[in-house]
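Student: Going by UniProt numbering, the first residue of the sequence shown is number 1, and it counts up by one from there.
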Amino acid sequence: MIPINTEFYTNNTALKYTVSKIWQGEDADAPETLLGSLPYLNNPLEDCSVEGVTIEFEGIDRSASQIAVQQWGARLKAWLSCRIDTPTGWTTINMSTAYTQNGEDDDNAFSGRNKTKKASLWWGESLLYWYSVALTNDMHLSNQKFYENQNDTDPIYKGHIYFRRNESVKASAENVKGLNLFVPSCFFVPWSDDGVESKVYYCDQGYMDNTNMVEKLSKADESDQVKPLPGIWIDAYSLTRAFYFTILADLGQTKSGPNMLEDPDLLADATKDYEKIRDREPTWGDNLRINKTAGLATRAFKSKDSSEKDLGIAPSVISATFLCQVPRLKSKPTLVVSVIINTFVLLSAIWKLYKFITECFLTSRHPELMYCEGCAMNLPKQTGEEAGDASDRKSQGEESDTGDENYRAVRQQEER
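1. State the Cα-Cα distance for the pair Ala268 and Thr88, rounded to the nearest angstrom.
2. Asn108 by DSSP, collapsed to three states: which one?
3. So the candidates are Lys199, Pro190 and Pro184; which of them puts its Cα closest to the Cα of residue 418?
4. Pair every Cβ in the stretch 66-86 with every Cβ in the stretch 164-177, then say whether three or more of these pairs are closer than 8 Å.
5. Name the two residues that bound the continuous beta strand (DSSP E) containing Val183.
6. In angstroms with no decimal places, state the Cα-to-Cα distance between Glu46 and Val133.
7. For the alpha helix (DSSP H) containing Gln66, list its first residue and its last residue.
8. Between which residues of its own chain and Thr246 is the CB-CB distance below 6 Å, once the five residues before and five after are set aside?
9. Tell me which residues share the same chain as Ile277 and place their Cβ nearer than 7 Å to its Cβ, disregarding the 5 neighbours each side in the sequence.
10. Less than 7 Å separating the beta-carbons of Phe8 and Ala320?
11. What is the DSSP secondary structure of Met95, reduced to helix, strand or coil?
12. Alpha carbon to alpha carbon, what distance is there between Lys145 and Trp79?
13. Kindly indicate which three-state DSSP category Thr18 falls into: helix, strand or coil?
14. What distance in whole Å lies between the Cβ atoms of Leu38 and Thr91, which are believed to be in contact at a cut-off of 8 Å?
15. State buried or exposed for Thr383, treating a residue as buried only when at least 16 other CB atoms are found within 10 Å of its CB.
16. Locate the alpha helix (DSSP H) running through Ile340, then write down its first and last residues.
17. Are the beta-carbon atoms of Leu311 and Ser126 separated by less than 7 Å?
18. Leaving out five residues on either side along the sequence, give the residues of the same chain with a beta carbon under 8 Å from the beta carbon of Asn166.
19. List the residues that DSSP assigns as beta-bridge partners of Asp85.
20. Any idea what DSSP makes of Ala294, helix, strand or coil?
21. So, Tyr207 versus Gln225, is the Cβ gap smaller than 7 Å?
22. I'd like the span of the beta strand (DSSP E) that includes Phe163, first residue to last.
23. For the beta strand (DSSP E) containing Phe57, list its first residue and its last residue.
24. CB Asp154 to CB Trp191, shorter than 7 Å?
25. For Tyr129, which three-state DSSP category applies?
26. Spatial neighbours of Thr6 within its chain, please: C-beta separation below 6 Å, excluding the five flanking residues on both sides.
27. Have a look at Glu26 and Lys118 and give me their C-alpha separation to the nearest angstrom.
28. Kindly indicate the opening and closing residues of the alpha helix (DSSP H) around Thr33.
29. Does DSSP put Phe8 in a helix, in a strand, or in coil?
30. Rounded to whole angstroms, what's the CA-CA distance from Ser96 to Pro3? Just pull it up for me.
31. Give me the residue from Ala297, Val50, Asn342 and Thr54 with the minimum Cα distance to Phe187.
32. Leu35 and Ile22 - do their beta-carbons sit closer together than 7 Å?
33. Tell me which residues share the same chain as Asn143 and place their Cβ nearer than 6 Å to its Cβ, disregarding the 5 neighbours each side in the sequence.
34. In whole angstroms, what is the alpha-carbon distance linking residue 499 and His366?
35. Since Leu38 sits in a beta bridge, which residues does DSSP pair it with?
36. With DSSP as the reference, label Trp233 as helix, strand or coil.
In structure tokens form, the structure reads like this:
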């Protein structure tokens, strides 16, 4: 059983997932049945879909060690769902997963990283890392330009971008290469040092007619407040796309359209800016001299590359270990011995109970039974004296009775 809030990996051991909801039915808003746990028997994950991806920007309020590596941090989080065929019918499981290139716990590497056996996921992790570096650098530069062109605001210190899947765009190879597979929404918060609520800058979708939004955002003016920070959007989109297809590859999904992590042409297009990102002068500087690129791709993928034959997506199951107790029948001699021992224990308990009840009953009805002959000899002196006085009184009484009888006999003779 897999209860809600369980954290798990798939058999690909790439991203970590957290279960948020388990339900049955056709409508997520009105499920027929809500379950607290999932009866799971290594059923493959099917019909997985990523509902949305968020990028959370954090600035100066992060830890010192994080700021020393990058002034800005970008934390990715995605919400998704998969269907599983269980004995009670098709069950949907809602989950979330996250990735941070420069996280506080420094736990961003895929635990099952393997360049040959899991080549597609290896390229996916490489894309996540390099585009995270590119995006945080872009954020630093774009924020400077935005602030320099504004006279009535402070620099931005927090931001949030949400990309949802554009359902009107089919997942074709051409669209995977384009900029319309996801639709963005955003808001950014400037710094406020006087406690007064500051102005929030956001992506005005109506202002952009809800079409080609990433392209329009990337070509906006540096000071545009409804299309803010034009320098971040290409890398933000590329990072979101890499996260989206890495999730699908980790979950073993091949029916949702082409995946750029297993298609050589799409992968070559996605990694074409690798060298540019790698060789770009750091805008903030790696002050701790930390190199986290060890084991990751450092060059672009090329068609007919030697690793092309290793690309592929395998079916995925939840990787979890459970402790099970298997009932086993004991041997006949063992059962006989157990019965005999239990019988003796029961009889002993009954005998002790019988003795206790009998003793309580007799001592309450016959208190003298509490004393034995030897005990009477050891009674206190006072008790003996009391017994002697009682004997004297008895003797006197007997003598008095004898005298009365003699007196009555003499009187009878005189009357005669």
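Every residue gets a Cβ at the ideal spot worked out from N, C-alpha and C, and that includes glycine.
Tutor: The structure says:
1. Within the model, the alpha-carbon separation for Ala268 versus Thr88 is close to 44 Å.
2. Of the three classes helix, strand and coil, the one that applies to Asn108 here is coil, per DSSP.
3. Because the chain is modelled from 1 through 416, residue 418 falls outside the range shown and cannot be assessed.
4. With a cut-off of 8 Å, the stretch 164-177 and the stretch 66-86 do not count as touching, because too few Cβ pairs lie within range.
5. Unbroken beta strand (DSSP E) run through Val183: Phe182 to Pro190.
6. So the alpha carbons of these two residues sit roughly 33 Å apart.
7. Unbroken alpha helix (DSSP H) run through Gln66: Ala64 to Val69.
8. These residues qualify, in order along the chain: Gly124.
9. Around Ile277: Trp130, Val133 and Ala134.
10. Inclusion of Phe8 and Ala320 in the CB contact set at 7 Å is warranted, their separation being smaller than that value.
11. Note: Met95 maps to strand in three-state DSSP.
12. When the Cα atoms are used, Trp79 and Lys145 turn out to be separated by approximately 33 Å.
13. DSSP places Thr18 in strand when its eight states are reduced to three.
14. Confirmed, about 6 Å.
15. Residue confidence is low: Thr383 scores 47 on pLDDT, short of 50, so the model does not pin down where it sits. Its coordinate-derived value is still stated next. By the neighbour-count rule (16 or more Cβ atoms within 10 Å), Thr383 is not buried but exposed.
16. First-last of the alpha helix (DSSP H) with Ile340: Lys332 to Arg365.
17. At a Cβ-Cβ threshold of 7 Å, Leu311 and Ser126 do not count as neighbours.
18. Closer than 8 Å at Cβ, skipping near neighbours: Asn180, Leu181, Phe182 and Val183.
19. Beta-bridge pairing links Asp85 to Trp90.
20. Ala294: coil per DSSP, three-state reduction.
21. Result no, Cβ atoms of Tyr207 and Gln225 do not sit closer than 7 Å.
22. Looking at the DSSP string, the run of the beta strand (DSSP E) that includes Phe163 is Ile156 to Arg165.
23. That run of the beta strand (DSSP E) goes Glu46 to Glu58.
24. Between Asp154 and Trp191, the C-beta gap is smaller than 7 Å, which places the two residues in contact.
25. In the structure shown, Tyr129 sits in a helix (DSSP, three-state: H, G or I).
26. Excluding its 5 nearest sequence neighbours in each direction, Thr6 has C-beta neighbours in its own chain below 6 Å: Val19, listed in chain order.
27. If you draw a straight line from the Cα of Glu26 to the Cα of Lys118, it is about 34 Å long.
28. Careful: Thr33 lies outside any alpha helix (DSSP H), inside the beta strand (DSSP E) at Thr33 to Leu35.
29. Strand.
30. Those two C-alpha atoms are separated by around 15 Å.
31. Of the listed residues, the one whose Cα sits closest to Phe187 is Thr54.
32. Yes, they are a contact pair.
33. Cβ neighbours of Asn143 beyond the five flanking positions: Pro155 and Ile156.
34. Residue 499 lies beyond the stretch modelled for the chain, which goes from 1 to 416, so this question has no answer here.
35. For Leu38, which the question treats as bridged, DSSP gives the partners Ile2.
36. Note: Trp233 maps to helix in three-state DSSP.
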